[in-house]
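*Asks:*
In my numbering, the protein residues as written are 1076 to 1157.
(1) Go through its chain and collect everything with a Cβ distance to residue 1088's Cβ below 7 angstroms, but skip five positions before and after it.
(2) Count the other CB atoms, across all protein chains shown, that sit within 10 Å of the CB of residue 1153; report buried if there are 16 or more and exposed otherwise.
(3) Just how far apart, CA to CA, sit residue 1149 and residue 1078?
(4) Would you mind working out which of 1113, 1139, 1115 sits nearest residue 1125, comparing C-alpha positions?
(5) Spatial neighbours of residue 1141 within its chain, please: CB distance less than 6 angstroms, with the 5 preceding and 5 following residues excluded, ordered by chain position.
(6) State the Cα-Cα distance for the pair residue 1092 and residue 1131, rounded to the nearest angstrom.
As structure tokens, then:
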């Protein structure tokens, strides 16, 4: 399954985010017409696809590392580990 226009727009937005001025949530609404919650939900699913890796491998790998680190931190807090 190839990426559609929305998928590419999500990845392009995330890739270019550092160049945006202002609150990211406002930019998500204005540029993509999505709520921030929906944006992150779609992005989270998207970065698990091979097509996303093919489209922008460095971005997808970075986002996966960030997600995995956050999951590990949550698990550590829940389990009470230091």
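All residues carry an ideal CB built from backbone N, CA and C; glycine is no exception. Source: prediction; values computed, not measured.
*Replies:* Well, looking at it:
(1) 1106, 1107
(2) Label assigned to residue 1153: exposed.
(3) 31 angstroms
(4) 1139
(5) none
(6) When rounded, the separation of the alpha-carbon atoms in residue 1092 and residue 1131 is 14 angstroms.
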